[in-house]
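Following: one structure in structure tokens, then a few remarks.
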Amino acid sequence: MGSPGQLHDDPSERLRDPESERLHTRAQAFVRAFTERRTSPEPYDALAVDLARFQASRVPGLARLGRARGVDLARVTRADELPAVPTDAFRHMHLASFSPQAATITFRTSGTSSGARGAHAMRHTRTYDAGAVAFGRHALFAGLGAPPHAIVLAPPPALAPDSSLGHMLARFVAELCAPLAGAEAYFLGAPRDGAAVEVAVDALEARVASLAARGEPAVVLGTSFAFVHLLDAIGDRALHLPPGSRLMQTGGFKGRSREIPAAELRAALARAFGLPERAVVCEYGMTELSSQFYEGTLLAAGTPHGVYIEPPWARVVPVDPESLCPVPDGEIGLARIEDLLNVDSAFAVQTQDQVRRVEGGFALLGRSPLAPPRGCSIAIDELLGGARGASEP
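Under this note's numbering, the first residue of the sequence shown carries the number 77, and numbering increases by one thereafter.
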């Protein structure tokens with residue numbers, strides 16, 4: 077096996093597990109139906125249950141978790157009956173239906189205070205790529221005629237090979253944006269521990285001026301902390317883009333920049349790039365998932381910021397932090413995220429992000445300020461067989 081995040085396209089590895097490939101095909105059919113504006117090819121619950129059965133048959137920890145929760149996978153019929161895996165579990169075990177040697181790519185979370193990084197190994201990225209491109213086209217590239225130009229404030233994959241965000245943005249550049257040499261789309265180097273993020277401001281200003289002169293729209297893609305560094309660098313100077321341009325920001329600050337409240341950052345970015353605020357869209361995703369969520373402001377006039385929409389192959393359910401059961405509509409809970417594209421890892425993932433169901437989607441309310449909920453801690457112990465930090469057999 078090569079270094080984490082390095083791609084190895086070996087068909088013999090991918091084809092060793094026909095059952096996995098059949099499930100990938102079914103998951104990809106959900107994406108294809110969405111792209112073709114057809115109804116989903118089968119009930120959501122049917123594929124969810126089959127995924128959970130497959131995953132429990134390959135990952136002993138998932139089987140233990142189901143037994144500890146009293147879930148009989150032979151009888152279960154609904155997705156909401158399936159136990160969710162806490163995101164921290166991806167830091168403690170190899171959570172995949174295949175051996176580490178069979179992974180073609182491994183995405184890793186950013187560093188944590190504990191020093192451990194979560195790892196999401198993938199047999200291949202075809203299903204991930206299909207979903208990311210399809211829903212990104214729908215929520216972020218909506219209403220564009222010709223493909224826009226790409227301006228990326230994130231390191232290119234060669235500098236951050238284990239970043240799921242970098243991988244997704246590279247697919248956007250390759251499949252949804254105007255053709256250009258890949259390196260010309262990137263204006264940010266790889267951040268180093270303790271070092272400031274470096275934005276290529278002069279090159280970025282030149283690119284924006286060129287696009288403005290030609291009247292060709294752009295999609296600006298980047299992390300919140302990178303945008304803060306850019307705003308600090310340009311001061312009162314403007315980077316006005318042509319009409320039709322839009323901007324996607326994602327992720328938190330993680331100590332890499334000063335923190336700015338979401339509404340203030342959105343307004344500052346809109347002013348700097350000459351965009352309406354509805355064209356500044358937040359994305360919500362994580363390494364442990366294969367699906368992403370977006371604010372729906374580009375899809376319908378008057379849609380408020382902070383309300384995220386889901387693709388048909390994923391669901392966000394607010395749950396009680398202790399019982400991990402769904403809370404009544406309108407109440408705040410922790411986000412349980414179900415993802416049909418997580419074929420080879422965990423169908424349901426339990427996060428510590430606070431959410432509330434609202435009309436048209438869910439409101440993202442930030443990270444829970446409390447310690448990991450007791451329900452999540454118990455779930456990790458059940459996954460690991462009662463030995464926190466033990467390796468998966």
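Positions of the beta carbon are idealized from the N, C-alpha and C atoms, including for glycine. Since the structure is predicted, the reported quantities are computational estimates derived from the model, not experimental observations.
With a contact defined as Cβ atoms closer than 8 angstroms, D415 and L365 qualify at about 5 angstroms. About 6 angstroms separates the Cβ atoms of L440 and V431, confirming a contact at the 8 angstroms cut-off. In the DSSP assignment, H100 falls within the alpha helix (DSSP H) that extends over 94 to 111.
In this chain, L440 is not harboured by any alpha helix (DSSP H); it is covered by the beta strand (DSSP E) spanning 437 to 443.
With respect to the C-alpha of A208, the residue from E407, T363, A279, A236 having the closest C-alpha is T363.
Non-local beta-carbon contacts of P293 in its own chain, meaning distances under 6 angstroms to residues more than five positions away in sequence, involve P224, P318, G320, S321 in chain order.
Minimum Cα-Cα distance from R140 among the listed residues A122, D121, V161 corresponds to V161. Between G298 and L252, the CB-CB gap reaches or exceeds 9 angstroms. Note that the stretch 195 to 210 does not touch the stretch 274 to 282; fewer than 3 beta-carbon pairs, one per stretch, sit closer than 8 angstroms. At least 9 angstroms separates the beta-carbon of H196 from that of S133.
A distance below 6 angstroms between beta-carbons, with the five flanking residues on each side excluded, links A103 to the following residues of its chain, in chain order: T203, L416, L417, V419. Within a 10 Å sphere around the beta-carbon of A289 sit fewer than 16 other beta-carbons, which makes this residue exposed. Under the DSSP assignment, R202 falls in the alpha helix (DSSP H) whose first and last residues are 202 to 215. In the three-state reduction of the DSSP assignment, Q368 falls in the coil class. With a cutoff of 9 angstroms on beta-carbon distance, A348 and I310 are scored as near each other.
In the assembly as shown, C358 is a buried residue. Its beta-carbon has 16 or more other beta-carbons within 10 Å.
Judged by DSSP secondary structure, G142 falls within the alpha helix (DSSP H) whose first and last residues are 136 to 144. Residues L99 of the same chain have their beta carbon placed closer than 7 angstroms to that of D126, with the five preceding and five following residues left out of the count. Secondary structure of P394 (DSSP, three-state): strand.
Cβ-Cβ distances below 8 angstroms link S96 to F130, S173, F174, R199, V419, D420 in the same chain, with the five nearest sequence neighbours on each side left out; the list follows chain order.
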